[in-house]
Structures are given as C-alpha cells and as structure tokens.
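Chemist: Sequence lines, in order, name chains A and B.
Everything in the first sequence is counted per this note's numbering, starting at 32 for the first residue and increasing by one.
Everything in the second sequence is counted per this note's numbering, starting at 18 for the first residue and increasing by one.
Virtual Cβ for every residue (Gly too), placed ideally from N, Cα, C.
Mind looking over this structure? Questions follow.
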Amino acid sequence: MSHGLGFDISHLLAGGLVLVSFLLLSQHRLYALLNAYALHAVVLALSVAWQANIQDAPHLYITAAIALVFKAIVIPVGLHRMIQRLGIHREIETVIGSGATMLAGMGLVALSMTVMLHAAATVDPVAREDLAFALSVVLLGLMMMVTRRNAVSQVVGFMSLENGLVLAATGAKGMPLVVEISVAFSILIAFIVIGIFLFRIRERFDTVDVQALDRFRGERR
Amino acid sequence: MNISLALYAVLVIPLLAAAVLALMPGYRPASIVNVVASGLTFAAAVAMLLDGRPEPGQYLFVDDLNVVFIVLNAFVGFTTSVFSASYIGHELESGRLTPAYLRFYHAMYQVMMAGMNLALSANNIGLMWVGIEIATLTTVLMVGIYRTHEALEAAWKYFILGSVGIGLALFGTILVYMAALPVVGEGSNAMVWTTLVEGAARFDPALINVAFIFLLLGYGTKVGLAPLHAWLPDAHAEGPTPISAVLSGLLLNVALYAVLRFKILLAANDGAIEPGPLMVTMGLLSLIFAAFMLYRRRDIKRMFAYSSIEHMGIITFAFGMGGPLANFAGLLHMVMHSLTKSGIFFAVGHIAQVKGTQKIAEIRGLTQSHPVLGWALVVGVVAIAGLPPFGVFMSEFLVVSSTFAREPLLAIPLVAGILIALGALLTHLGNLAFGEAEGPAARVQASYVPMAVHLALVLLAGLFLPATLVAWFRNVAAILG
C-alpha cells in the first residue's frame, strides 16, 4: 500500500508541474509570470524531495534545496528587480492568442504522454509517469520560448524547460549526481549570461522586445 | 610522455591558460600566452595519438575515433590562436574591442577549447553533454563581444536555439540512462560509454529509439542541420572571425561526433530503428537548402557559414549511408572541411579588415589590390567548392561514388546540391577576386602562415594521402559500422 501512496504523490506532484506550466503559458504580465515561475520551482522542489524520499536517495535533497532556494527565491527576486530597474513591467504580447496557445499546449501534452508511455513501457511505472510529465514540461517550455517575443519571458520559458529536465533526471533512479549538479550549474551560468544580455540589450535598444532586434538582421537593408 | 598524462594535459593546459589569461593585462603578452598554451595542447594531443591507449576510465577515455578529433581540434585551435594574435591586434587598433574585453576574449577562447576537448575525450555521456554545453556558452559570449545590434541579436538567437538544442540532448541522455538501467544496473556505470556499448544489444529498443530522436535533434541543432540551423549564419557573421573559424571548423564537428557516438549505440541494438535514413534525410535537406541559400548572400562571412551548413549536410549524409567506404569518406570530409573552412575564414578575416566591410558588393578585385589574400581566397574557395586537386574533391568524390554504387537515386539530389553550391561559390568568387579593384587598398598586418599551412595540407591530402593515415581512417570507419 505504501508503494501505492508513493506513486500517487509523485504522480500528483509531477502532474502539478505540468499544470503550473500551463499557468505560465497563460500569464500576460511579467510580474505574474515571475510569481508563476516561483510556484513552478516550488512544485519541482517538492517533487524532487518526494523522489529523494521514495528512492531513498538523500543526495536528491540537495537538488531539491537548490530548486527551492535558487530557482524559487533568488532568480525570481533578481529578475523582479531587473524588470523594475528597466521599467518594463507592462503587459507582454504573445505572437498567437492564449486560447490557441492553450490548445497547442494540450496537444503537446497528449503527444508526450503517447510517446513516452508507449516507448517506456518496460520502465518501472513511477519513472515512466515522471518521464511523460517531464517531456510535457519540456515541450511546454519550448513552446513558451517560441510564442513569446519578450526576452524576459523567453528566459522564463527556458528555465521552466530546465525544470522539466531536472524532473526527468531525478525520476531516473540512481542517476549520478554529476548530471544534477551540471543542470544546476547550467541554470546559474544561463542566468549570468542572461543578466549580461539584458543589460546590454537595454543599453542599445531601450527595450527588451526581441522583435526590435530582428530589424537589425545582417541581411536586411 | 605518459599517455594518461597527455590526456589530462589537453584538458588542464587550456584551463590553466584561461585562468592566467583572465588576469593578464596587455594584448601582446596575452596573445603570446594564448598561442603557447594552444601549441602545448596540440603537442599533448600528438603525444596521445602516437602513444598506446590507456585503460578506459569512468570519466575519460581515448580510442581511435576520438583521438582523430582531439588532434584536429588542437591543431586548428593552435593555428587559429596564431591568426587571432594578428587579427585581434588590428581590432584593438581600430577600437572595435577594448582591452578589458580582450582579456575576457582570450580566457573564453581557452575555456572553449577545454570544453570541446572534454566533450571529445569523455567516456561518460553526461560529461560529454557538459563539455558541449561549456563550449556553447563560451561561444555565445564571444559572438556577442562586439556589442553591436547585429552581434547582440546573433548571440541571443544562438543562445536561445543552442539552449533548446542542448536541453533536448540532455533529455535524450537521460532516456539512454533509463534504457541502460535494467541492463547495466544503477549508478554511474549506466552512463559510461564503454559499458553502454557492451550492453547496447539488450537495451529496450523503443526507449533508445526515442532517445536517439532527441539526441539527433538536440546535437543536430549544434551541427547546424536544416531546419535547425537558424543560429549558424548570424553567429558566424557577427562574431570575431577567429571564432567563426573555430565554430565552423571545430564545434560543428564536436556536435556531430556526439551524434556518431549514439549512432554506434543504436546500431548495436537489433530491435532499434536504423539511424541511417534519418541522417540521410537531414543531411540532404541541409545540403540542398544551403546550396540555394548561397546565391542570395550579401555578406561574405554569412556566405561561408551557409557553405558550412552545406558541408555538414554532406558529412551527415555520408555517415547516414554508413558502411566502410561512406564512413571513410565522411571522416575524411570532416577533416578536410575543418582545415579548408578555417583557412578560408583566416583569409576572410583579414580581407574584411582591410576593406572595412563584410559586404560582398563592396569587395572587388582582391587579386589586384591584395594579391596574397586574394589568391589565398581563390585557392580556398576552389578547394571548398570541391574542385580537384584538393582534398575536399577527393572526399566528396568518395561520398558520391559510394552513393552511386549503392543507392543511385539518392546520388542525384546529392550531386545536384554539390553542383548548385559550386555554381554559387564560383559566381561570388569571380566578383570578389577578379576585375577592377575597388575600395581601400591599404596594406595589412596579416599572419599568412596559418592559412598557408591549412591550404597546403588540403592540397597535399588531395595529391597524396599517406598509407598509415588511410589505414587509420579505415580502422575508424569500421568502428562506426
């Protein structure tokens, strides 16, 4: 019975992550987007901690702690400040409407469920469900990067994609710590890179709207 | 030299050099340190090639396949550092780069070399991913180093597409681990390359099929395969030219090396899909697409970036065909393309500096105004277009003839793509190199040695391939299956 409960809870948390990914897709204000991202990271931390519990793998608690402290608190607060300083807390525009985005998102989730549940039929059920949810989160993050024009929301999309990867990595039983650390590091590096970019972009364009960048394409006159 | 010492040296020397260069003011001494460190790395790589093979470790290993790439990597890294010394000196004089950025540039250059060497020598698929990620992030920073509108846009695009690519590749890596779990057992062993290959026959076919799709798309983005190539022309055109040279000559190869590794894994499993048709399709698509795109180019560096997509398409096609001959041709083409393309970028870098522009329309009659640079460009373009007597001709000929022998229908689009690209390159070359000279005709402080060495090697390979080299490549082609 205890296995059953463990399965249910990990299922619930991983499903929750997908739900919050949808929440991210539907946010049109930058501050709300950051709050939703913080929630995303909290759910991820819970999910990773639960995996650490049922897999009896204490090193995963470190990953959970990184998610909680770094992704749920430090990054959102940092980005919040940055948005404030840049004065860009206006509404973000999506390339396609939010109704269409939601429908496309559902399609992606259905796709990843079909693919993963079929392909990973031999893997143990907890990991299989985790992988399917993780792929959904990755694809939703990808879609967010594609449909948003604002540099900040593209970055949030990228970070939610990374969260999906962490979910997949922790779902894989006994996966070496090397990779988890590298994932955490990559987010750290990504954040630095992005920080530099945002400030440079600001310097040159007075906007972080990526579409403004498109006008400066090398080949166009 | 002790062999495992040499293996550590190719990783540690660049990292140490990066630390020193990050703290080092002044352009002259920094560029000398950069050249010396790259030279030492190359020496260590050659020592690796000549010596025996150490026992594969948990994290690093050397085999006949990756040692070829490590040597090539270190060699082009070395010659590019020599080119970079004179190129960057000019950029500093013209004020496009400030001394502070220069320190950053040199340090990043060495970190990138370390990242690529790590990816190539890793015996652990997680570590390989980390190496490619490091190399990607450092090149993103260097592409944006001029801080112009175009450079920022290029770097941003490269960053976004590159991160998506490495994200998908990591997901694929996790799936490979999941597939290995029941066979190899829990823990780090299930990510060690050598144990994965041994157990690959018993992996769950469905799982590694999906894994390979993710890995092909993920690392394929970094190879610049159409339709995932969008970052490549911008990144090549807007960054400093030494970075264009190593991007085209090395980083694309490293990403393709990762794809090849996983192809071996898939080939060892009977139930899995054939990776060949997927790679053939993507390769042909890239080749044809890039060949047509070559005609409309207005920027000289963008033009050669599209030519890189074209050649990566040919190489992916060759490996997709598989078999001893096509694999041999693919390997040879990879080496020839690296040498030729970086040689061309050395020439193009100096040309863009003397002319003060990268626009093809504003560069005319180079052989009149700058005979050495002009003729180097002519030789380079003739070589890369696949005309005899250069090495690229030989490898392309092998790809085409082996395809004709096995799948004549596939050879038609292949030959068409190569010929279309040839036409485009020669048309542009006629305008660039011949006719009345236009624009500034100032002398340039150029280092001609790197490009002369590269082009001479390509010519030599076209005329005469040493038997030991042929035997070596044949051996590697057999590993690739």
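Mind checking whether Val168(A) and Ser52(A) have CB atoms under 7 Å apart?
Modeler: The answer is yes: Cβ separation under 7 Å.
Chemist: Please list the partners that Phe78(B) has in chain A, where partner means a Cβ-to-Cβ separation under 8 Å.
Modeler: The premise fails here: Phe78(B) is roughly 16 Å from chain A at the closest Cβ pair, so nothing lies under 8 Å.
Chemist: Rounded to whole angstroms, what is the Cα-Cα separation between Gly235(B) and Ala275(B)?
Modeler: Using only the alpha carbons, I get a separation of about 10 Å.
Chemist: Looking at Ala441(B) and Leu394(B), is the spacing between their C-beta atoms short of 7 Å?
Modeler: Not a contact, by the Cβ cut-off of 7 Å.
Chemist: Under 7 Å between the Cβ atoms of Met130(B) and Pro31(B)?
Modeler: In contact: Met130(B) and Pro31(B) (Cβ atoms closer than 7 Å).
Chemist: Can you tell me which of the three DSSP states Arg180(A) falls into?
Modeler: It is coil, neither helix nor strand.
Chemist: Are the CB atoms of Gly391(B) and Leu404(B) nearer to each other than 7 Å?
Modeler: Their beta carbons are not under 7 Å apart, which means Gly391(B) does not touch Leu404(B) by this criterion.
Chemist: Smallest Cα separation from Ala152(A): which of Leu187(B), Asp221(B), Tyr122(B) and Ala197(B)?
Modeler: The option with the nearest alpha carbon to Ala152(A) is Asp221(B).
Chemist: Using only the alpha-carbon positions, how far apart do Glu110(B) and Tyr44(B) sit?
Modeler: If I take the Cα positions, the gap works out to 11 Å.
Chemist: Rounded to whole angstroms, what's the CA-CA distance from Leu458(B) to His387(B)? Just pull it up for me.
Modeler: Reading off the sequence, residue 458(B) comes out as Ala, not Leu. Taking the straight line from one Cα to the other gives about 7 Å.
Chemist: Report all residues from its chain with a CB closer than 6 Å to the CB of His367(B); omit the five preceding and five following residues, and keep chain order.
Modeler: Counting only Cβ-Cβ distances below 6 Å, and skipping sequence neighbours, we find Leu390, Val461 and Ala463.
Chemist: Hey, Ala158(A) and Ser143(A): beta-carbon distance below 7 Å or not?
Modeler: No.
Chemist: Please confirm whether Gly347(B) and Ser303(B) have their CB atoms less than 7 Å apart.
Modeler: Cβ distance not < 7 Å, so Gly347(B) and Ser303(B) don't count as in contact.
Chemist: Ends of the alpha helix (DSSP H) at Thr165(B)?
Modeler: Per DSSP, Thr165(B) belongs to no alpha helix (DSSP H) and is neither H nor E.
Chemist: Starting from Gln185(A), find everything on chain B with Cβ-Cβ shorter than 8 Å and list it in chain order.
Modeler: Those are Ile177, listed as they occur along chain B.
Chemist: Below 8 Å CB to CB, which residues in the same chain sit around Leu480(B) once its five sequence neighbours on both sides are set aside?
Modeler: Within the same chain, Leu480(B) has close Cβ partners Pro406.
Chemist: I believe Met175(A) touches Leu139(A) by the beta-carbon criterion, under 8 Å. Please report the beta-carbon distance rounded to the nearest angstrom.
Modeler: Contact flag wrong, Cβ pair sits at about 11 Å.
Chemist: For the alpha helix (DSSP H) holding Asp81(B), just list the boundary residues, first then last.
Modeler: Its alpha helix (DSSP H) spans residues Asp81 to Glu110.
Chemist: Going by Cα to Cα distance, which pick from Ile104(A), Val105(A), Ala76(A) and Val100(A) is closest to Leu91(A)?
Modeler: The option with the nearest alpha carbon to Leu91(A) is Ala76(A).
Chemist: Based on the DSSP secondary-structure assignment, which residues constitute the bridge partners of Leu77(B)?
Modeler: Ala139(B).
Chemist: Under 8 Å Cβ to Cβ from Arg315(B), same chain only, skipping five residues before and after it: list those, please.
Modeler: Contacts found: Lys376, Ile377 and Ala378.
Chemist: Rounding to the nearest angstrom, what Cα-Cα distance links Ala36(B) and Ala47(B) in this structure?
Modeler: Cα to Cα, the separation comes out at about 12 Å.
Chemist: Taking 7 Å as the CB-CB limit, is Val169(A) close to chain B?
Modeler: Judged by the 7 Å Cβ criterion, Val169(A) is in contact with chain B.
Chemist: Do Phe231(B) and Leu185(B) come within 7 Å of each other at the CB atom, strictly closer than that value?
Modeler: Contact flag set, yes.
Chemist: Using DSSP bridges, identify the partner residues of Asp87(A).
Modeler: Partner(s): none; Asp87(A) has no beta bridge.
Chemist: Consider the Cβ of Met195(B): report whether some Cβ of chain A lies at a distance smaller than 7 Å.
Modeler: Met195(B) counts as touching chain A.
Chemist: Who are the neighbours of Val227(B) on chain A, taking C-beta pairs under 7 Å?
Modeler: What Val227(B) touches in chain A: Val146 and Ala150.
Chemist: Helix, strand or coil, according to DSSP, for Val154(A) in the structure here?
Modeler: Of the three classes helix, strand and coil, the one that applies to Val154(A) here is coil, per DSSP.
Chemist: Starting from the Cα of Glu170(B), find the closest Cα among Gly182(B), Val157(B) and Ser180(B) and give me that residue.
Modeler: Of Gly182(B), Val157(B) and Ser180(B), the residue nearest in Cα terms is Val157(B).
Chemist: Rounded to whole angstroms, what's the CA-CA distance from Ser33(A) to Met147(A)? Just pull it up for me.
Modeler: Note that Ser33(A) scores a pLDDT of 47, beneath 50, so its modelled location is shaky and nothing firm can be said.
Chemist: Does the region 418-438 of chain B come close enough to the region 330-343 of chain B that 3 or more CB-CB pairs lie under 8 Å?
Modeler: Contact between the region 330-343 of chain B and the region 418-438 of chain B is present, because at least three Cβ pairs lie under 8 Å.
Chemist: Hey, could you find the ends of the alpha helix (DSSP H) Lys376(B) is sitting in?
Modeler: Where Lys376(B) is concerned, there is no enclosing alpha helix (DSSP H), given that its DSSP letter is neither H nor E.
Chemist: Within 7 Å (strictly less), CB to CB, does Ile326(B) reach chain A?
Modeler: No, Ile326(B) lies away from the interface with chain A (no Cβ there is under 7 Å from its Cβ).
Chemist: Val240(B): which of Leu224(B), Leu273(B), Pro259(B) and Ala262(B) sits nearest, CA to CA?
Modeler: Closest option to Val240(B), Cα to Cα, is Leu273(B).
Chemist: Determine, using beta carbons only, whether Pro250(B) and Ala322(B) come nearer to each other than 7 Å.
Modeler: Contact flag set, yes.
Chemist: For Leu192(B), which residues in the same chain have their Cβ closer than 7 Å to its Cβ, ignoring the five residues on either side in sequence?
Modeler: Hits under 7 Å: Leu224, Val227, Ala228 and Phe231.
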